[in-house]
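**Student:** First, the structure itself, so that you have it in front of you.
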Amino acid sequence: MNEPPGARARVALTGLTVAEYFRDQEGQDVLLFIDNIFRFTQAGSEVSALLGRIPSAVGYQPTLATDMGTMQERITTTKKGSITSVQVRKMT
34 MNEPPGARAR
44 VALTGLTVAE
54 YFRDQEGQDV
64 LLFIDNIFRF
74 TQAGSEVSAL
84 LGRIPSAVGY
94 QPTLATDMGT
104 MQERITTTKK
114 GSITSVQVRK
124 MT
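As structure tokens, this is what we get:
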């Protein structure tokens with residue numbers, strides 16, 4: 034949690050990109066662990082605040098559904114392999 038919010042927002046996406054490489058290029062089935070998906074949400078909220086975006090009624094960034102949906106849609110099975118994800122949501 035000592036990293037800037039922009040770096041923290043990219044961690045889950047970077048891990049997913051590595052998983053996609055092993056699925057698509059190496060033809061492997063991948064098990065992806067995300068230890069705290071709330072960190073992705075929290076970092077996105079901090080980045081959004083830094084950009085001056087108005088938060089939603091519950092305090093999250095206005096792009097939360099799009100950001101989370103885009104990430105979750107990338108966790109899928111293809112003809113070459115699959116990605117299975119185990120995600121923990123822990124409020125800190």
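Under this note's numbering, think of the first position of the sequence shown as 34, with each following residue one higher. Using N, Cα and C, we set each Cβ at its ideal position, and we do this for glycine too.
Quick one: is L83 buried, meaning 16 or more other Cβ sit within 10 Å of its Cβ, or exposed?
**Tutor:** Counting from 1 along the sequence shown, the entry for residue 83 is found at position 50. By the neighbour-count rule (16 or more Cβ atoms within 10 Å), L83 is not buried but exposed.
**Student:** At what residues does the beta strand (DSSP E) containing V63 begin and finish?
**Tutor:** Against the sequence shown, residue 63 aligns to sequence position 30. Note, V63: beta strand (DSSP E), D62 to I67.
**Student:** Answer yes if the segment 56-73 comes into contact with the segment 105-121, meaning at least three C-beta pairs across the two stretches below 8 Å, and no otherwise.
**Tutor:** yes
**Student:** When the cut-off is 8 Å and only beta carbons count, does G48 lie next to chain B?
**Tutor:** Looking at the structure shown, chain B is missing, and only one protein chain is on hand.
**Student:** In or out: I116 buried (at least 16 other Cβ within 10 Å) or exposed?
**Tutor:** Taking the first residue of the sequence shown as 1, we reach residue 116 at position 83. Counting Cβ neighbours within 10 Å, I116 comes out buried, since at least 16 surround it.
**Student:** When we look at the beta-carbon of R76 and count the other beta-carbons within 10 Å, is it buried (16 or more) or exposed?
**Tutor:** For the purposes of this step, residue 76 is taken as residue 43 along the sequence shown, with counting starting at 1. With the sequence shown as reference, residue 76 is identified as Ala, and Arg is not the correct amino acid for it. Looking at its Cβ environment, which holds 16 or more other Cβ atoms inside 10 Å, A76 is buried.
**Student:** In whole angstroms, give me the CA-to-CA distance for T111 and D62.
**Tutor:** Residue mapping note: residue 111 aligns to position 78 of the sequence shown, counting from 1. Residue mapping note: residue 62 aligns to position 29 of the sequence shown, counting from 1. Straight-line Cα distance between these residues: approximately 10 Å.
**Student:** In whole angstroms, what is the alpha-carbon distance linking T109 and D57?
**Tutor:** Translated into the one-based positions of the sequence shown, residue 109 becomes position 76. Translated into the one-based positions of the sequence shown, residue 57 becomes position 24. Looking at the two C-alpha atoms, the distance is approximately 11 Å.
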